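S.K.: Quick one: structure below, then a few questions.
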Amino acid sequence: MVGLSGTEADIINCVARLKLAKKDQIRRQVGFSLEYIGYVCRDLIRRRYLGFSKGHYFLAKDGIKTLLSEETPKVDRKLLKALAGEVTRQISGELKRIVKGIKIPVSVREIRKERGFEPSEEGIKIKTDFDLPVEDESLTLETNIDRVGTRMEKEKSDDMDKTVRLLKELHKPKGNGLASHSQSHKPRGRKR
Amino acid sequence: MSKTKTNKSEIEGLKGQIQKGKGVDIGTMFVKCAHKESGEIVFRSQRNAFFGVEHTDFTKKILDNSRVKYIIKGDNLYVVGDEALQFANMFNKDTRRPLSKGVISPTEKEALPIVELLIKSVVGEPTHKGEIVYFSIPGEPLDADFNVIYHIKMVEGFLKTLGYAPKPINEAHAIILSELAEEDFTGMGLSFGGGMVNVCLSFMSVPIFKFSVAKSGDWIDQQVAMAVDETASRVSSIKESSLDLSKEGDLSKIESALSIYYNHLIEYVIESIKQEFAKARRLPKIPKPISIILSGGTSLPKGFSGRFKQILDRLKLPIPVGSVRMASQPLRSVAKGALVAASADESKR
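Going down the list, the protein sequences come from chains A and B. The letter at position 28 of the first sequence is residue 28 when you use the numbering used here, and the numbering goes up by one with no holes. The letter at position 188 of the second sequence is residue 188 when you use the numbering used here, and the numbering goes up by one with no holes.
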């Protein structure tokens, strides 16, 4: 079964709440234009999540199945989290009773924490550089681009000078240029 | 003073007014270069598309007379630029593209020489050896099994061959440099390009996270083309010329499909941003709501920012958002941001 997008799940939830829903009622609750709602509903009918009769949409076989078991549409996330938490606690308690003394870690991260190993925040950084000699393959081409020219546009650069000054101010102490950030994910504070 | 001498001194004078440093936006749809000259930013651009036509002397002559750009490689004659799209529409076919999903197309055998030629035609020669040029690169894609290293190295190597000192800059980061100076370069830049959507969250000009998704304008064109049985080139023409996303009724079949897929794309991008926030372990405390800048050719249809805001209001980001606005010039902001970076570097020399 193909998964549901957020909007599709919202529509199914809306129809489930209203039992019989007009396109306009769905639009009011879910948002978007009537055309878009109509399109998504038609697609949901084709995929048997919804049915349609006398101007009203209703839940079809797969829509009901989705709500009951198979898929989890994006509904009431708080409730889902609470339910999931409750189930986890019950299973965990059950297991602890059966296998006494064995700690059940919740995640790989917790295992690492227990063993005093925190994964590195950054991925591996490649420090070597391969200077690739690239030949100008375009020299083999015949073209009239130089004669016809390129499209040219112009705009005043007053704002740009100010922007460049501000940027230079921000990067004064480092002076390495912005390329040093292009592979970095580390946030750094403002240094003046 | 003779006329020749006057012209010569005028040219020398103009050369003096060309500032050092260039910014190049190498996008799936366009290659655009920005440089500063006599108090103005000059943008030169080429559409990144070509279309094969019959190679005869007669065709070549007609193209020359009509000032239609072409490239000849061996026995093949290719129309390039905007006219490639017009030719493709005339023949009810799709254009060929040297770049796909933001990088040099792995499946297009003519990709490299053509993309080199297009870059060379907009960048020109450096004003001095080792002139700094910042070129845009996409972020690592979240949803596609490829990386951008090969693309970066090829473009970098080619610009070096031309005599430049090239430096890569993330496309969405360049938008922040171009548009968010007033906000201390803090905020989010989104570039809705032809092949990808690029996203960068920046704090004080430093990227906190950046990524791309391999769905954007081309994906919309292809999906709509399949849905309504049209060519992607024709869908693209309609998208670029007349689409209005704020229109609610009286939509043609293609417009309805475009509207639907725009919705899907925006929702997909916002959900991807939310995922990145969830993954980020360290986020700086940003004291005020951030601005989001929308840019790129796919963001051009009327009503795009309204549609984006509408969906963002529903899906919500985990940090407060202030304004959501279009870049002042959505097709120029990447090249301009790259030029800002290049100018800042050049002036430090």
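Built from N, CA and C at the ideal position, the CB exists for glycine as well. Remember, predicted model here, so these are calculated numbers, not experimental data.
(1) Assuming Glu110 of chain B contacts Lys73 of chain B (C-beta within less than 8 Å), just tell me the rounded distance between them.
(2) Please list the partners that Leu20 of chain A has in chain B, where partner means a Cβ-to-Cβ separation under 8 Å.
(3) Looking at chain A, which residues of the stretch 36 to 61 of chain B have a Cβ within less than 8 Å of any of its Cβ atoms?
(4) In chain order, what residues of the same chain have a beta carbon less than 8 Å from the beta carbon of Val42 of chain B, not counting five sequence neighbours either side?
(5) To which residues of the same chain is Thr298 of chain B closer than 6 Å at the C-beta, ignoring the five residues directly before and after it?
(6) Taking Cβ positions only, does Arg28 of chain A come closer than 7 Å to chain B?
(7) For Val87 of chain A, would you say it is in contact with chain B, using Cβ-to-Cβ distances shorter than 7 Å as the test?
(8) Pull up the distance between the alpha-carbon of Val224 of chain B and that of Leu245 of chain B, whole angstroms please.
(9) Kindly list, in the order they appear in chain A, the residues whose Cβ is closer than 7 Å to that of Glu116 of chain B.
(10) Go to Gln222 of chain B, then tell me how far its alpha helix (DSSP H) extends in each direction, as first and last residue.
(11) Does any C-beta atom of chain B lie closer than 7 Å to the C-beta of Val164 of chain A?
(12) What residues in the stretch 259 to 278 of chain B bring their beta carbon closer than 8 Å to a beta carbon of chain A?
(13) Could you round the C-beta distance between Ile11 of chain A and Leu34 of chain A to whole angstroms and report it? I think they count as a contact, below 8 Å.
(14) If you measure between the beta carbons of Val134 of chain A and Met154 of chain B, is that distance less than 7 Å?
(15) Using a threshold of 7 Å, state whether the C-beta atoms of Thr28 of chain B and Leu118 of chain B are closer than that.
(16) Where Ile145 of chain A and Lys156 of chain A are concerned, what is the direct C-alpha to C-alpha distance, given to the nearest angstrom?
(17) Please name the residue, chosen from B:Ile149, B:Ser328, B:Ala144, that lies closest to Phe130 of chain A on a Cα-to-Cα basis.
(18) Whole angstroms are fine: how far does the CA of Leu294 of chain B sit from the CA of Ala341 of chain B?
(19) On a Cα-Cα basis, can you pick out the residue from B:Lys69, B:Lys285, B:Tyr262, B:Lys60 that is closest to Ile319 of chain B?
(20) Taking the CB atoms as reference points, tell me whether Ala366 of chain B and Val199 of chain B lie closer together than 7 Å.
(21) Under 7 Å Cβ-Cβ, which residues of chain A neighbour Ile220 of chain B?
(22) So, Cys14 of chain A versus Val30 of chain A, is the Cβ gap smaller than 7 Å?
(23) Helix, strand or coil for Phe130 of chain A per DSSP?
(24) Tell me which residues share the same chain as Ala144 of chain B and place their Cβ nearer than 6 Å to its Cβ, disregarding the 5 neighbours each side in the sequence.
M.R.: Considering the structure as presented:
(1) The count along the second sequence starts at 1 and reaches residue 110 of chain B at position 110. The count along the second sequence starts at 1 and reaches residue 73 of chain B at position 73. For Glu110 of chain B against Lys73 of chain B, the beta-carbon gap comes to about 6 Å, under 8 Å, which counts as contact.
(2) The sequence position of residue 20 of chain A within the first sequence is 20, counting from 1. The contacting residues do not exist; Leu20 of chain A stays about 24 Å from chain B at best.
(3) Closer than 8 Å at the C-beta level to chain A, one finds these residues of the stretch 36 to 61 of chain B: Lys36, Gly39, Glu40, Ile41, Val42, Phe43, Arg44, Ser45, Gln46.
(4) Reading the second sequence from its first residue, position 42 is the one you call residue 42 of chain B. Sequence-distant partners of Val42 of chain B (beyond 5 residues in either direction) whose C-beta falls short of 8 Å from its own C-beta, in its chain, are Ala34, His35, Lys36.
(5) One-based indexing of the second sequence puts residue 298 of chain B at position 298. Taken in chain order, the residues that qualify are Phe192, Ser216, Gly217.
(6) Within the first sequence, the letter at position 28 stands for residue 28 of chain A. Closer than 7 Å: no.
(7) As a working mapping, residue 87 of chain A is identified with position 87 in the first sequence. By this cut-off, Val87 of chain A is not an interface position.
(8) Here residue 224 of chain B refers to the residue found at position 224 of the second sequence. Here residue 245 of chain B refers to the residue found at position 245 of the second sequence. Their backbone Cα atoms lie some 15 Å apart in a straight line.
(9) One-based indexing of the second sequence puts residue 116 of chain B at position 116. Correct list: Asp136, Glu137, Ser138.
(10) Indexing the second sequence from 1 puts residue 222 of chain B at position 222. Taken as a continuous stretch (DSSP letters only), the alpha helix (DSSP H) holding Gln222 of chain B covers 217 to 228.
(11) Along the first sequence, one-based indexing puts residue 164 of chain A at 164. It does; some Cβ of chain B falls within 7 Å.
(12) The stretch 259 to 278 of chain B vs chain A, Cβ under 8 Å: Ser259, Ile260, Asn263, His264, Glu267, Glu271.
(13) Residue numbering aside, residue 11 of chain A sits at position 11 when the first sequence is read from its first letter. Residue numbering aside, residue 34 of chain A sits at position 34 when the first sequence is read from its first letter. The beta-carbon distance between Ile11 of chain A and Leu34 of chain A, rounded to whole angstroms, is 13 Å. This is too long to meet the 8 Å contact definition.
(14) Your numbering for residue 134 of chain A matches position 134 in the first sequence. Your numbering for residue 154 of chain B matches position 154 in the second sequence. Closer than 7 Å, so yes.
(15) Translated into positions along the second sequence, residue 28 of chain B becomes position 28. Translated into positions along the second sequence, residue 118 of chain B becomes position 118. No; because the gap between Cβ atoms is not below 7 Å, this pair is not in contact.
(16) If you number the first sequence from 1, residue 145 of chain A lands on position 145. If you number the first sequence from 1, residue 156 of chain A lands on position 156. Approximately 27 Å between the Cα atoms of the pair.
(17) Along the first sequence, one-based indexing puts residue 130 of chain A at 130. Considering only alpha carbons, the answer is B:Ile149.
(18) In the second sequence, counting from the first residue as 1, residue 341 of chain B sits at position 341. In the second sequence, counting from the first residue as 1, residue 294 of chain B sits at position 294. Rounded to whole angstroms, Ala341 of chain B to Leu294 of chain B spans 20 Å at the Cα level.
(19) The residue you call residue 319 of chain B lines up with position 319 of the second sequence. Considering only alpha carbons, the answer is B:Lys285.
(20) This structure cannot speak to residue 366 of chain B, because chain B is shown only from 1 to 349.
(21) What you label residue 220 of chain B is simply residue 220 of the second sequence in a count that begins at 1. Per Cβ cutoff of 7 Å: no residues; Ile220 of chain B is ~14 Å from chain A at best.
(22) If you number the first sequence from 1, residue 14 of chain A lands on position 14. If you number the first sequence from 1, residue 30 of chain A lands on position 30. Their beta carbons are under 7 Å apart, which means Cys14 of chain A touches Val30 of chain A by this criterion.
(23) Within the first sequence, numbered from 1, the residue matching residue 130 of chain A stands at position 130. Shown here, Phe130 of chain A sits in coil according to DSSP, grouped into three states, outside any helix or strand.
(24) For the purposes of this step, residue 144 of chain B is taken as residue 144 along the second sequence, with counting starting at 1. Exclusion of the five residues before and after Ala144 of chain B leaves Ala214 as the residues of its chain whose Cβ lies within less than 6 Å of its Cβ.
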